[in-house]
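Asker:
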Amino acid sequence: MTPSTILRRHALAALARERTIALVAALFAALVLVSAYLGWSATSTVDAIYASATHWFEANGKPVPPNPVTQGSPLALLRNLTIYISLIGAFSAIVIGYRMVETDRRAGVLPLIGARPLERLDYARGKVSALALAVGGLAALAGVVGAATLAILPSVHLGPGDWARLAAFFSLGWLYMMIFGLIAIGASARARSETVGLMVPTVVWLVLTFVWPALTGNILPTAAINPISALAPAPQSAIFDLSANLLGPFSLAEAYKYLGAELMGYLPDGLPPRGPVPPLVVMMLFAAGSGLYALRGCLKLDMTKGGPDA
Amino acid sequence: MQTDTPAVSTRGLTLNYGEFTALQPLDLDIGRGEIFGFLGHNGAGKTTTIRLLTTLMDPSGGTASVAGCDLAHNRIALRRAIGYLPENVRLYDTLTTRENLRFFAALSRIEDARDRVEEVMEFLGITDLADRRIATFSKGMRQRVGLAQAIVHRPQVLFLDEPTSGLDPMGVRQLREVLERLNGQGMTIFMNTHLLSEVARSCSSIGVLSHGQLVFHDTIETVNARYGSEEALEELYLSVVPDREVAA
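Chains A and B supply the protein sequences, listed in that same order. All residue numbers for the first sequence refer to our numbering, where the first residue is 1 and numbers rise by one. All residue numbers for the second sequence refer to our numbering, where the first residue is 1 and numbers rise by one.
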């Protein structure tokens, strides 16, 4: 086993024993289930009403209109997942990323690891890959719940293309959560105090989720937590034209929601992306930037510090 | 187990924090198989010296080698050759003794990690703690597990930073016995300490650091021959350490 593999396995084992992580993961799972239930419930209700209406139309010899459920993308019934991933999913990734380094620092083992025959790059690799797997677990959990929900609805039939788009959506969710987890690793490695290590990624997350969309497209916080209203076009004004062009390329949450809606098939017709940079490019740039930040943080980590008072 | 190459050798090893010099150019040779006691007041630079020699910090100047491995150019080999026990070691609270030791043994890249962990636990008399979580341990128990992680990979040179800090007299005695056994197996021990009595009993050579400067370095035989008793060692210590904070 390479040092990074040892560190990865150890970090995952330590995470699995942490109550905070278990609580956050349970909360995420619960919200994913709620999201799936809401989608299932709404679709089942429409199905039931449609079935009654069909009987009435047939009894009166009138033509039966098509089922509205089958008119839109079947994946759209999971649209609330986009919001839950951007909220509790991203926050879970922050907590996981933060704990990656902080657990070692609090345990006072950084000097013990630093005096071992491994490079700092091995440490960084181990932590980042552990984060990738832990966040992958969250994304997989959401994926399984989502797929199961779609599979049990009788009126929903997914083709291979739909399943591929669903898989792409959860990969996108994984990438989005990873960005915040990586920022948390970098911040906790660089910060001089535990509080700052957690505050930095949390503030970045809040700003990107709630403040930036308000500046680029007048998407207020209450609208930002709704999958449909978060995709409203920006007001037609010189100020918003300017802010969308200037700030749009940094609007990560909007880029994610745009791509999510596109994959799940509920993107409003003709809605342009926010700003001049394509949303996928925005996500890739953020992923690269946060990866470098985490890497730099681990490479510059002060291995002499440790213990509860560090 | 004396050989030609010293276990620890430094030439002009220095550490500056901006204008402040934490360690003035240090020239020091410690032979293989020695138990070296590094004395000095709080803030003298003892911990800094250990951190430099264990590659946890980068020096501002000078050169050093440990177990024949150059500090600047052969860091991985150097780390393979050393063990380190910091002051107030804590370890992973949520893991058991065995899990902690297996983790550090694996990181040290030793082939017989599992067997070696059992061997070290037996050597240190902590087999009964193997499946207990560290969170429930006293200071003395943690110290023993900490020492176990420091020797699990059979290092040539063992660095200990205030290993007796917070231990009761029984713990100090047990530690001394363990160190003597390790030294008997050929391990060189570099120990920062405040306890002159421990230095007098355990060490084969001593160095005194004051305000970042090595002010005394000689063998314990020479010190004993010249000063004769533990009280005299205290007199020596007080005479070479300037008037400011003195810990003994």
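All C-beta atoms in this analysis are idealised placements derived from N, C-alpha and C, irrespective of residue type, glycine included.
Applying a beta-carbon distance threshold of less than 8 Å, which residues of chain B neighbour Ala1/A?
Answerer: According to the sequence displayed, residue 1/A carries Met and not Ala. Within 8 Å Cβ-Cβ: Ala106.
Asker: Could you check if Trp56/A is buried or exposed, using at least 16 other CB atoms within 10 Å of its CB as the buried criterion?
Answerer: That one is exposed.
Asker: Would a check of beta-carbon distances place Ala310/A closer than 8 Å to chain B?
Answerer: Caution applies to Ala310/A, whose pLDDT of 45 falls short of 50 and renders its modelled position unreliable; the value that the coordinates give is listed next. So no, Ala310/A is outside the interface.
Asker: Assuming Pro6/B and Ile35/B are in contact, meaning their beta carbons sit under 8 Å apart, how far apart are those beta carbons, in whole angstroms?
Answerer: That belief does not hold up - the Cβ atoms of Pro6/B and Ile35/B are roughly 14 Å apart, past 8 Å.
Asker: What does the Cβ neighbour count give for Ala248/B, buried or exposed, with the cut at 16 atoms within 10 Å?
Answerer: In this predicted model, Ala248/B has a pLDDT of only 37, less than 50, meaning its place in the structure is not dependable enough to derive any value.
Asker: Note down, in chain order, every chain A residue with its Cβ under 7 Å from the Cβ of Arg82/B.
Answerer: Position check: residue 82/B holds Ile in this sequence, whereas Arg was assumed. Simply Ala115.
Asker: Exposed or buried, Leu238/B, counting other C-beta atoms within 10 Å across all chains shown (16 or more means buried)?
Answerer: So Leu238/B ends up on the exposed side.
Asker: Could you name the residues of the stretch 104-135 of chain A whose beta carbon sits closer than 7 Å to any beta carbon of chain B, in the order they occur along the chain?
Answerer: Of all residues in the stretch 104-135 of chain A, Ala107, Gly108, Val109, Pro111, Leu112, Ile113, Gly114, Ala115, Arg116, Pro117, Leu118 have a Cβ within less than 7 Å of some Cβ in chain B.
Asker: Determine the extent of the beta strand (DSSP E) in which Ala51/A is found, giving its start and end residues.
Answerer: That residue, Ala51/A, is in no beta strand (DSSP E); its alpha helix (DSSP H) goes 19-59.
Asker: Would you say Ile76/B faces chain A, with C-beta separation under 8 Å as the test?
Answerer: Interface residue, yes.
Asker: At a cut of 8 Å, does the stretch 167-179 of chain B reach the stretch 49-58 of chain B through at least three beta carbon pairs?
Answerer: Result no; under three Cβ-Cβ pairs closer than 8 Å.
Asker: Hey, how far is the Cα of Thr63/B from the Cα of Ser129/A?
Answerer: Answer to the nearest angstrom: the Cα atoms are 36 Å apart.
Asker: Who are the Cβ neighbours of Leu295/A in its own chain at under 6 Å, not counting the five residues just before and after it?
Answerer: Taken in chain order, the residues that qualify are Ala124.
Asker: Checking contacts by CB at 8 Å: is Thr96/B closer than that to chain A?
Answerer: Closer than 8 Å: no.
Asker: What residues are listed by DSSP as bridge partners for Ile35/B?
Answerer: Beta-bridge pairing links Ile35/B to Ile189/B.
Asker: Buried or exposed for Thr195/A, please, with buried defined as at least 16 other CB atoms from any protein chain shown within 10 angstroms of its CB.
Answerer: Counting Cβ neighbours within 10 Å, Thr195/A comes out exposed, since fewer than 16 surround it.
Asker: Per DSSP, Ser210/B is paired with what?
Answerer: According to DSSP, Ser210/B bridges with Gln213/B.
Asker: Where Ala234/A and Tyr256/A are concerned, what is the direct C-alpha to C-alpha distance, given to the nearest angstrom?
Answerer: C-alpha separation (whole angstroms): 17 Å.
Asker: Can you check whether the CB of Ala150/B is closer than 8 Å to the CB of Leu214/B?
Answerer: For Leu214/B and Ala150/B, no; Cβs fall outside 8 Å.
Asker: Using a Cβ-Cβ distance under 8 Å, would Val145/B count as near chain A?
Answerer: Not an interface residue.
Asker: Which one or two residues does DSSP pair with Asp128/B in a beta bridge?
Answerer: Its beta-bridge partners do not exist; DSSP assigns none.
Asker: How many angstroms separate the CA atom of Arg80/B from the CA atom of Asp112/B?
Answerer: Computed Cα separation, rounded: 15 Å.
Asker: Could you list the residues in the stretch 83-104 of chain A with a C-beta less than 7 Å from some C-beta on chain B, going in chain order?
Answerer: Listed by position along the chain: nothing, the set is empty.
Asker: Cα-Cα, which of Leu167/B, Gly12/B, Ile110/B is closest to Ser65/B?
Answerer: The shortest Cα separation from Ser65/B among Leu167/B, Gly12/B, Ile110/B belongs to Gly12/B.
Asker: Which stretch, first to last residue, makes up the alpha helix (DSSP H) that contains Gln174/B?
Answerer: Unbroken alpha helix (DSSP H) run through Gln174/B: 169-184.
Asker: Using CA coordinates, which residue listed in Pro160/A, Gly289/A, Leu81/A is at the minimum distance from Ala139/A?
Answerer: Measuring from the Cα of Ala139/A, the nearest candidate turns out to be Leu81/A.
Asker: Could you list which residues in chain A have their beta carbon closer than 7 Å to that of Pro25/B, in chain order?
Answerer: Per Cβ cutoff of 7 Å: no residues; Pro25/B is ~21 Å from chain A at best.
Asker: Between which two residues does the beta strand (DSSP E) containing Ser65/B stretch?
Answerer: 61-66 is the span of the beta strand (DSSP E), which, as asked, contains Ser65/B.
Asker: Run through chain A and tell me which residues come within less than 8 Å of Arg11/B, C-beta to C-beta.
Answerer: In chain order: nothing, as chain A lies at least about 22 Å away.
Asker: Comparing C-alpha positions only, which one of Thr2/A, Leu247/A, Ser188/A, Ile88/A sits nearest to Leu23/A?
Answerer: Among Thr2/A, Leu247/A, Ser188/A, Ile88/A, the Cα nearest to that of Leu23/A belongs to Ile88/A.
Asker: Could you say which of Ala106/B, Leu167/B, Val89/B lies nearest to His153/B if we only look at CA atoms?
Answerer: Among Ala106/B, Leu167/B, Val89/B, the Cα nearest to that of His153/B is on Ala106/B.
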